[in-house]
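Asker:
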Amino acid sequence: KYQRTYFNVENAPMRWIKKDYVDHAPIWCSVDLRDGNQSLIIPMSLEEKLEFFKMLVKVGFKEIEVGFPAASETEYEFLRALIDQNLIPDDVTIQVLTQAREHIIRKTFDALKGAKKAIVHLYNSTSVAQREQVFKKSKEEIIQIAVDGAKLIKSIADETKGNYQFEYSPESFTQTEMDFAADICNAVIDVLKPTPENKVIINLPVTVQVSMPHVYANQIEYMCDHLHERENIIVSLHPHNDRGCGVADSEMGLLAGADRIEGTLFGNGERTGNVDIITLAMNMYSQGVEPNLDFTNIPEIIEVYERVTRMHVYERSPYSGELVFAAFSGSHQDAIAKGMKWREEKQLDTWTVPYLPVDPQDVGRQYDGGVIRINSQSGKGGIGYLLEQKYGYDTPKEMREDIGYLMKGISDHRHQELKSDEILEIFKQEYFNKT
Ligand code: KIV
Ligand code: ZN
Numbered sequence: 006k007y008q009r010t011y012f013n014v015e016n017a018p019m020r021w022i023k024k025d026y027v028d029h030a031p032i033w034c035s036v037d038l039r040d041g042n043q044s045l046i047i048p049m050s051l052e053e054k055l056e057f058f059k060m061l062v063k064v065g066f067k068e069i070e071v072g073f074p075a076a077s078e079t080e081y082e083f084l085r086a087l088i089d090q091n092l093i094p095d096d097v098t099i100q101v102l103t104q105a106r107e108h109i110i111r112k113t114f115d116a117l118k119g120a121k122k123a124i125v126h127l128y129n130s131t132s133v134a135q136r137e138q139v140f141k142k143s144k145e146e147i148i149q150i151a152v153d154g155a156k157l158i159k160s161i162a163d164e165t166k167g168n169y170q171f172e173y174s175p176e177s178f179t180q181t182e183m184d185f186a187a188d189i190c191n192a193v194i195d196v197l198k199p200t201p202e203n204k205v206i207i208n209l210p211v212t213v214q215v216s217m218p219h220v221y222a223n224q225i226e227y228m229c230d231h232l233h234e235r236e237n238i239i240v241s242l243h244p245h246n247d248r249g250c251g252v253a254d255s256e257m258g259l260l261a262g263a264d265r266i267e268g269t270l271f272g273n274g275e276r277t278g279n280v281d282i283i284t285l286a287m288n289m290y291s292q293g294v295e296p297n298l299d300f301t302n303i304p305e306i307i308e309v310y311e312r313v314t315r316m317h318v319y320e321r322s323p324y325s326g327e328l329v330f331a332a333f334s335g336s337h338q339d340a341i342a343k344g345m346k347w348r349e350e351k352q353l354d355t356w357t358v359p360y361l362p363v364d365p366q367d368v369g370r371q372y373d374g375g376v377i378r379i380n381s382q383s384g385k386g387g388i389g390y391l392l393e394q395k396y397g398y399d400t401p402k403e404m405r406e407d408i409g410y411l412m413k414g415i416s417d418h419r420h421q422e423l424k425s426d427e428i429l430e431i432f433k434q435e436y437f438n439k440t
């Protein structure tokens with residue numbers, strides 16, 4: 006909707022800039038129903054997963070990882086319900102996760118019977134720590150696990166003539182030696198034989214975040230340069246957020262050449278979560294990139310999310326938290342009030358209001374009650390703006406100071422925020438009853 010004038014990719018001093026990045030969003034894949042769900046205190050019931058799935062479709066996700074069907078009965082039954090009740094829109098591809106183990110792969114394909122199309126997501130762990138401590142296997146043996154898994158999914162897909170796309174994740178990728186990560190991915194690619202019509206997704210997870218975003222970006226760049234048949238490969242990112250850098254990892258990883266991102270709404274997921282797709286999408290939106298996801302009603306999404314996951318959206322969560330567009334302090338209120346007036350007078354089609362990164366209305370937040378909020382920190386500008394915008398009282402300049410001190414004082418004394426109807430009430434009492 007708004008074109009940002011300051012965003013100029015040519016000026017960004019990074020050697021891994023992908024020149025056409027500003028023109029399009031990546032392919033998004035929601036892993037809410039798998040990674041998000043597996044880390045909840047109480048995982049979602051079948052009905053809750055169905056409601057969440059419908060919401061993800063409404064938001065516009067075209068790829069949705071719906072679960073790990075071999076992991077539990079609910080996961081299996083949920084996938085069956087989606088297929089049997091024909092609940093998957095034609096333009097949406099479901100994705101299912103499977104370990105590279107024969108009985109798990111077979112059960113996964115059982116659960117997929119009758120699916121019009123699906124992404125089969127195969128993984129095994131590749132880091133030094135996992136190889137040495139958990140699997141106690143050599144590099145060659147770890148490659149063999151991946152290759153055997155890839156051969157099996159390919160042969161079942163060929164036998165059943167299903168419409169399947171394949172994804173492979175070297176789990177714990179970022180803690181793996183890069184030459185080994187490339188070797189194992191290439192061994193899998195050679196088995197899966199990608200084509201331009203059926204590309205293979207190579208998903209490179211930050212399973213546990215242990216290094217800085219530029220390190221991940223360099224790892225992604227290395228993989229983009231070393232993968233076989235790069236033109237038939239979709240390079241996917243899957244950042245977790247242990248160091249609080251999930252968004253930075255994703256943005257840097259995209260600039261380094263990736264094509265796709267797996268993440269969740271509000272950053273739900275294992276430990277500190279997966280990357281928050283709302284933040285990523287809205288960051289792009291605010292810089293003139295169409296995210297192809299509809300977050301114009303975040304309060305409605307929060308309602309469903311909090312109910313079915315039993316999680317809470319943090320008040321300061323970027324773009325979605327209840328307080329992220331709120332201004333209590335006088336100087337911020339004054340600047341916002343002036344910015345809004347300026348915008349109105351100049352009829353701007355860009356968003357330039359100070360202290361507000363995007364127009365709150367673009368994510369379904371109202372100015373009224375959501376932006377200028379009054380407490381003891383507030384100033385005359387904000388209170389005057391509120392009285393004028395909401396109630397039509399264009400108070401004289403001399404009077405504004407008076408009203409400001411009055412409202413601040415009452416809020417301070419009560420140790421409470423004053424809602425706009427209380428402000429109107431006090432204003433009327435003080436000025437109309439006196440005259
Ligand atoms: O975080 C991770 O590594 C995963 C894999 C299964 C992709 O969730
Ligand atoms: Zn994960």
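Convert by adding 5 to the 1-based position in the sequence shown; the result is the number in the UniProt record's numbering.
For glycine and all other residues, C-beta sits at the position ideal for the given N, C-alpha and C.
Quick one: Cα of Q104 to Cα of I388, how far?
Answerer: Taking the first residue of the sequence shown as 1, we reach residue 104 at position 99. Taking the first residue of the sequence shown as 1, we reach residue 388 at position 383. If I take the Cα positions, the gap works out to 59 Å.
Asker: Do I239 and R265 come within 7 Å of each other at the CB atom, strictly closer than that value?
Answerer: Taking the sequence shown and counting its residues from 1, the one referred to as residue 265 is at position 260. Taking the sequence shown and counting its residues from 1, the one referred to as residue 239 is at position 234. The answer is yes: Cβ separation under 7 Å.
Asker: What first and last residue would you give for the beta strand (DSSP E) that runs through W33?
Answerer: Numbered from 1 along the sequence shown, position 28 holds the residue referred to as residue 33. 32-35 is the extent of the beta strand (DSSP E) around W33.
Asker: Just the C-alpha distance for L328 and I377, rounded to the nearest angstrom, thanks.
Answerer: Position 323 of the sequence shown holds residue 328. Position 372 of the sequence shown holds residue 377. Their Cα atoms are separated by approximately 11 Å.
Asker: The alpha helix (DSSP H) that contains H337, what's its start and end?
Answerer: Counting from 1 along the sequence shown, the entry for residue 337 is found at position 332. Start and end: 335-351.
Asker: Taking buried to mean at least 16 other C-beta atoms within 10 Å of its own C-beta, is E53 buried or exposed?
Answerer: Here the question's residue 53 lines up with position 48 in the sequence shown. Buried.
Asker: So, with DSSP's three-state summary, where would you put I158?
Answerer: Position 153 of the sequence shown holds residue 158. If DSSP states are grouped into helix, strand and coil, I158 belongs with the helices.
Asker: Is the shortest distance between the beta-carbon of A76 and the beta-carbons of chain C less than 7 Å?
Answerer: Of the protein chains in the structure, only one exists, and it is not chain C.
Asker: Let me check understanding here. Comparing Cα to Cα, which of T113, Y436, P362 lies closest to residue 446?
Answerer: This structure does not reach residue 446, given that the chain is present from 6 up to 440, and the question cannot be answered.
Asker: Kindly examine ligand 1 and report whether one of its heavy atoms sits closer than 6 Å to the Cβ of Y81.
Answerer: Here the question's residue 81 lines up with position 76 in the sequence shown. Outside the cutoff, so no.
Asker: Please report the straight-line C-alpha distance between S334 and Y360, rounded to a whole angstrom.
Answerer: For the purposes of this step, residue 334 is taken as the residue at position 329 of the sequence shown. For the purposes of this step, residue 360 is taken as the residue at position 355 of the sequence shown. So the alpha carbons of these two residues sit roughly 11 Å apart.
Asker: In chain order, what residues of the same chain have a beta carbon less than 8 Å from the beta carbon of G272, not counting five sequence neighbours either side?
Answerer: Residue 272 sits at position 267 when you count from the first residue of the sequence shown. Only N246, G251, G278, N279, V280, D281, T284, S322 meet the Cβ criterion.
Asker: By the three-class DSSP mapping on this structure, what secondary structure does Q214 have?
Answerer: Residue mapping note: residue 214 aligns to position 209 of the sequence shown, counting from 1. Of the three classes helix, strand and coil, the one that applies to Q214 here is coil, per DSSP.
Asker: Should the segment 177-191 be regarded as contacting the segment 139-158, the criterion being three or more beta carbon pairs within less than 8 Å?
Answerer: Counting Cβ pairs under 8 Å, three or more are found: they touch.
Asker: Counting only runs that start and end within the segment 60-117, where is the beta strand (DSSP E) found for 3 or more residues in a row?
Answerer: Runs of the beta strand (DSSP E) inside the segment 60-117: 68-72, 98-104.
Asker: Contact between the segment 43-57 and the segment 312-319: three or more CB pairs below 8 Å?
Answerer: Because the criterion of three Cβ pairs below 8 Å is met, the segment 43-57 and the segment 312-319 touch.
Asker: Going along the chain, which residues of its own chain have a beta-carbon closer than 6 Å to the beta-carbon of A75, five neighbours each way excluded?
Answerer: Locating residue 75 in the sequence shown gives position 70, where the first residue counts as 1. Contacts found: I109, K112, T113.
Asker: Suppose contacts are defined by Cβ-Cβ distances below 7 Å. Is L242 in contact with A263 by that definition?
Answerer: Residue 242 sits at position 237 when you count from the first residue of the sequence shown. Residue 263 sits at position 258 when you count from the first residue of the sequence shown. Yes, the pair counts as a contact, with Cβ atoms nearer than the cut-off.
Asker: Does the beta carbon of T212 fall short of 6 Å from some heavy atom of ligand 1?
Answerer: Taking the first residue of the sequence shown as 1, we reach residue 212 at position 207. Within the cutoff, so yes.
Asker: Any heavy atom of ligand 2 within a distance shorter than 6 Å of the CB on D40?
Answerer: On the sequence shown, position 35 is the one that residue 40 refers to. Yes, ligand 2 has a heavy atom inside 6 Å of this Cβ.
Asker: Alpha carbons only, please: which of K424, Y398, L423 is nearest the one belonging to Y436?
Answerer: Taking the sequence shown and counting its residues from 1, one reaches residue 436 at position 431. Answer by Cα proximity: Y398.
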